[in-house]
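Numbering (the numbering used here), first residue to last: 7 to 105.
Note that CB positions come from ideal geometry on N, CA and C, so glycine has one too.
On a predicted model such as this, the values are computed, not experimentally measured, just so you know.
Pasting the structure below:
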């Protein structure tokens, strides 16, 4: 893969995924270990790796963060507010996942 010289200098948002795992009326949350918002309860998720499909990333993150094997990710929503995360502009894709 080559780098696009014309693309240098762009401050593109990062891409993340979150897993929404439901059990009846309950939704799985995990406690953040690192800043920002360390200690907060959030959906399990994280950043999409280079060359990884978002629907694969959400299953990987669910396994890493909650030790659950997920399947059948279904797109729920996309969150892209520029000031949602203090680190930088992050676009998060939220999937409902069976686990």
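Cβ contact (3+ pairs, closer than 8 Å) linking the segment 89-104 and the segment 25-34: yes
For residue 35, the nearest candidate out of 51, 58, 60 (CA to CA): 51
Residue 19, buried or exposed, once every other Cβ within 10 Å from all chains shown has been counted against 16: exposed
Cβ neighbour criterion (16 or more within 10 Å) applied to residue 15: exposed
6 Å CB neighbourhood of residue 77 in its chain, flanking five on each side removed: 104
Sequence ranges, beta strand (DSSP E) only - wholly within the segment 61-98, length at least 3: 77-85
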